[in-house]
Structure formats: structure tokens, C-alpha cells
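Notes follow the structure.
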């Protein structure tokens, strides 16, 4: 099939939704686990044994341990990871690896931006702990929230640039952003609720668990607002083999549930 024919026919919307949702959900789960390991490893390096579960890292009190540094490690690693993965994905051709790295990078950044936003309304997450430690005023909380909102819109813009490389029909763009967000978030909610029940989380831990999981891709539906503001490149669409997509999703779910069943202790 010629390139022109491939572009003209394109994937079905069902394929777009299923493929994008599987990739987005698996990428989000893996970056969340990296985020938690950043907390745990930072504490362990300082001499405090840390236990890492599906969406939480806890460390034992120990002399000389800087709790603020251990808390800060998660958001900082997420942002660094986002920049590295996004940059690494840019030279790649259309396919599974490019799509996976793009979604993982944007979800990682959203993890930090999301908590900046949430910190304005409720005291949960890393940023809320840091704000309280640093004695933020109400203005500081609001400023952080504005940065978080701006970051979320930036991520939606970057996603739109990725989607509009290969998709131009408005319905296809909605399928790759809004519908993908809904389906992938449903998967994340189901997996992390299951993990929370397996781990025996109480309500205090369940709420931030579900907030973190269900807001990981909240930037995605906003990509539609850039539809007429981003160049449409009309390149052939490809997310690679469906088998690879499903295998990686199953592995990501296994990682989450395994950490719920048997939290990892380091240090």
C-alpha cells in the first residue's frame, strides 16, 4: 500500500482508542512506579530502609535522614524523566516505542503538575507535604496551582502536536485524546483500586492513591483545543504490534499488583 493510500484509509477509531488507551495506561502505571522508587531510593541512600508498594513509598525514621529531600525526589525525578523520555522520543519514527515514550513522558510530568494543582484544594500528595514543610502562604498555594494548570495545558499542546502528525479528522483526534483518556483512566482506576484492596489500604491512603492514578492522563482531553493551532503533518499512523501493546500492559499491571502483594524493601 502506498503512503498516500495508508494516510487516506488510516486506522479505524476503534483501533485508535484501543491502541492509544493500552499504551497510555501501561505508560502511566510504569512512570508511577518509577516515581515511588525515587522516594524510596532517596530515603535508603540516606540510611533509612524504605518500603515501596504500588503507589506509596514509606521509610523508617533514621538519624540524619532529610524527609524533605525524600519527598522532593519523586516530583523531581518525574520531571527529569519526562524531559529525557520526551526528548528521546522525538527522533523516532511512528510506532510503538515513540508512542509509549511520549505518553510516559507526558504522564510523568502530569504527576508533578497535578499535585501542584491539587495542593490548592486538599492536603494530599508530595507537593502538599512540601508546601506545609516550607510554610507556604495562601498565595504560594495559588501560585503553585497556576503553574500546575499551565503545565497541564503545555502537556496537552505537546500531545496535540504528536497526534496531529498522523491524525487530522476531528473525530479521530477526539478518539486519540478524549476517548483514550476515558478508557485508560478507567483501566488505571480499576487496577489501583484492586491494588489498594490487596494491600489493605485504609481510606486515608486510598484517596491519594486513586487521585494520583486517575489524574495521570488528565491533560489528554485538552489536546482537542489545539486542533486548529498545530500543524497537521499527514504522516502514516502506526502504533506497532497489538501483541506488543497488550504484553506491555499486562506486565505493567503485574508490576502494580506485585508491589501491592509484596512491597519491595530497600536499604
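Numbering (the numbering used here), first residue to last: 86 to 352.
All residues carry an ideal CB built from backbone N, CA and C; glycine is no exception.
All of these numbers come straight from a predicted model, not from anything done at the bench.
Supposed close pair residue i, residue j - CB separation, criterion 8 Å
i: residue 345; j: residue 139; result: 5 Å
i: residue 306; j: residue 333; result: Going by Cβ atoms, the distance from residue 306 to residue 333 rounds to 23 Å, so no, they are not a contact pair.
Spatial distance of residue i from residue j (CA atoms)
i: residue 112; j: residue 240; result: 15 Å
i: residue 177; j: residue 183; result: 6 Å
i: residue 147; j: residue 321; result: 55 Å
i: residue 120; j: residue 304; result: 18 Å
i: residue 144; j: residue 295; result: 21 Å
i: residue 156; j: residue 192; result: 19 Å
i: residue 169; j: residue 225; result: 28 Å
i: residue 163; j: residue 298; result: 14 Å
i: residue 104; j: residue 133; result: 41 Å
i: residue 114; j: residue 203; result: 20 Å
i: residue 98; j: residue 343; result: 33 Å
i: residue 234; j: residue 267; result: 20 Å
i: residue 336; j: residue 287; result: 26 Å
i: residue 328; j: residue 181; result: 11 Å
Neighbourhood of residue i by C-beta distance below 7 Å, restricted to the same chain and skipping five residues each side
i: residue 101; result: 257, 260, 261
i: residue 348; result: 136, 137, 138
i: residue 151; result: 131
i: residue 227; result: 205
i: residue 331; result: 107
i: residue 197; result: 160, 163, 164
Residue i - DSSP class collapsed to helix/strand/coil
i: residue 265; result: helix
i: residue 349; result: strand
i: residue 124; result: helix
i: residue 344; result: helix
i: residue 337; result: helix
i: residue 136; result: strand
i: residue 301; result: coil
i: residue 142; result: strand
i: residue 277; result: helix
i: residue 99; result: helix
i: residue 183; result: helix
i: residue 295; result: helix
i: residue 251; result: coil
i: residue 214; result: helix
i: residue 219; result: helix
i: residue 93; result: Reliability of the predicted coordinates at residue 93 is poor, the pLDDT of 46 falling under 50, and the value obtained from them is presented with this limitation in mind. In the structure shown, residue 93 sits in a helix (DSSP, three-state: H, G or I).
i: residue 306; result: helix
i: residue 178; result: coil
Neighbourhood of residue i by C-beta distance below 6 Å, restricted to the same chain and skipping five residues each side
i: residue 171; result: 190
i: residue 285; result: none
i: residue 291; result: 281
i: residue 232; result: 201
i: residue 245; result: 308, 311, 315
Within 8 Å, strictly: CB atoms of residue i and residue j
i: residue 185; j: residue 283; result: no
i: residue 117; j: residue 280; result: no
i: residue 194; j: residue 236; result: yes
i: residue 201; j: residue 153; result: no
i: residue 229; j: residue 218; result: no
i: residue 251; j: residue 179; result: yes
i: residue 173; j: residue 123; result: no
i: residue 249; j: residue 324; result: no
i: residue 142; j: residue 352; result: no
i: residue 167; j: residue 272; result: no
Residues near residue i by beta carbon distance below 8 Å, same chain, minus five either side
i: residue 126; result: 135, 158, 351
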